[in-house]
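Numbering (our numbering), first residue to last: 209 to 374.
One structure below.
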């Protein structure tokens with residue numbers, strides 16, 4: 209099983225790193241980042257979370273039309289978790305596929321039509337669950353959203369306060 213090395217991290221640093229590395233793929237899209245300035249630190253394994261964002265962004269891009277918008281949102285929910293959403297303007301998927309797309313090798317489309325191993329989303333699920341989080345997909349009025357939530361507690365402690373440089 210994946211044993212994350214959880215440490216307090218700034219979510220936008222992880223996202224920025226992934227956006228720089230996936231520039232070639234994502235340059236054909238409008239990226240809309242909606243991350244509040246006061247989002248607390250999150251207790252995650254940095255490189256594992258990079259993998260989650262890379263896989264979800266690649267997947268979102270793979271099925272969305274060029275020049276469409278891919279939105280990345282984050283917000284605190286209930287004071288003790290953070291919810292992240294990556295949403296595209298691609299095709300919706302049938303409700304019966306929504307829970308299964310995180311299974312190993314599960315493909316909604318015919319494998320010959322879209323490249324990939326069918327492992328990306330199941331890797332995301334493994335990482336998020338190893339962080340005691342949840343991951344799910346849902347159809348939106350104009351596309352598909354991947355969501356995950358992560359606890360904001362590490363070893364029983366809430367996030368440390370950070371000074372935001374103005």
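C-beta atoms are modelled at their ideal positions from N, C-alpha and C, and glycine is treated no differently.
The structure presented is a predicted model; accordingly, all values stated were derived computationally and were not measured.
Could you give the C-beta distance for residue 309 and residue 294, rounded to a whole number, given that I count them as a contact under 8 Å? Locating residue 309 in the chain shown gives position 101, where the first residue counts as 1. Locating residue 294 in the chain shown gives position 86, where the first residue counts as 1. Contact doesn't hold; Cβ gap of about 13 Å is too wide.
Starting from the C-beta of residue 264, find all residues in its chain whose C-beta is less than 7 Å away, skip the five residues before and the five after it, and write them out in chain order. Residue 264 sits at position 56 when you count from the first residue of the chain shown. Excluding residues within five positions, the ones whose Cβ falls inside 7 Å are 294, 332, 354.
Through-space distance from residue 340 to residue 329, alpha-carbon basis: Position 121 of the chain shown holds residue 329. Position 132 of the chain shown holds residue 340. Rounded to whole angstroms, residue 329 to residue 340 spans 17 Å at the Cα level.
Coil, strand or helix - residue 334 by DSSP: Here residue 334 refers to the residue found at position 126 of the chain shown. Three-state result, residue 334: helix.
Using a threshold of 8 Å, state whether the C-beta atoms of residue 352 and residue 298 are closer than that. As a first step, residue 352 is located in the chain shown; it is residue number 144 there, counting from the start. As a first step, residue 298 is located in the chain shown; it is residue number 90 there, counting from the start. Yes, Cβ-Cβ distance for residue 352 and residue 298 is below 8 Å.
At least three beta-carbon pairs within less than 8 Å, the stretch 356–368 to the stretch 213–228: yes
Mapping DSSP to helix, strand and coil, what is residue 358? Here residue 358 refers to the residue found at position 150 when the chain shown is read from its first residue. Strand.
Alpha carbon of residue 242 to alpha carbon of residue 282, nearest angstrom: Along the chain shown, read from residue 1 onward, the residue named residue 242 stands at position 34. Along the chain shown, read from residue 1 onward, the residue named residue 282 stands at position 74. If you take the alpha carbons of residue 242 and residue 282, they lie about 7 Å apart.
Classify residue 369 as buried or exposed, calling it buried when 16 or more other Cβ atoms lie within 10 Å of its own Cβ. Along the chain shown, one-based indexing puts residue 369 at 161. That one is exposed.
DSSP puts residue 217 in a beta bridge; with which residues? As a position in the chain shown, residue 217 is number 9, starting the count at 1. Answer is 250, bridged to residue 217.
Around the C-beta of residue 219, are 16 or more other C-beta atoms found within 10 angstroms, so that it is buried, or is it exposed? Working through the chain shown from its first residue, we reach residue 219 at position 11. With 16 or more other Cβ atoms within 10 Å, it is buried.
Going by DSSP, what residues sit across from residue 256 in a beta bridge? Mapped onto the chain shown, residue 256 falls at position 48. DSSP output for residue 256 lists no bridge partner at all.
Per-residue DSSP class, three states only, for residue 291: On the chain shown, residue 291 is found 83 positions in, with the first residue counted as 1. Here residue 291 sits in strand by DSSP.
So, for residue 344: in the same chain, excluding its five sequence neighbours on each side, which residues have a beta-carbon less than 6 Å away from its beta-carbon? Translated into positions along the chain shown, residue 344 becomes position 136. Excluding positions up to five away in sequence, the list reads 355.
On a Cα-Cα basis, can you pick out the residue from 346, 230, 273 that is closest to residue 305? Within the chain shown, residue 305 is the residue found at index 97, counting from 1. Cα-wise, what sits closest to residue 305 is 346.
Look at residue 275 and residue 237 and say whether their C-beta atoms are less than 8 Å apart. If you number the chain shown from 1, residue 275 lands on position 67. If you number the chain shown from 1, residue 237 lands on position 29. It is a contact, given that the beta carbons lie within the stated cut-off.
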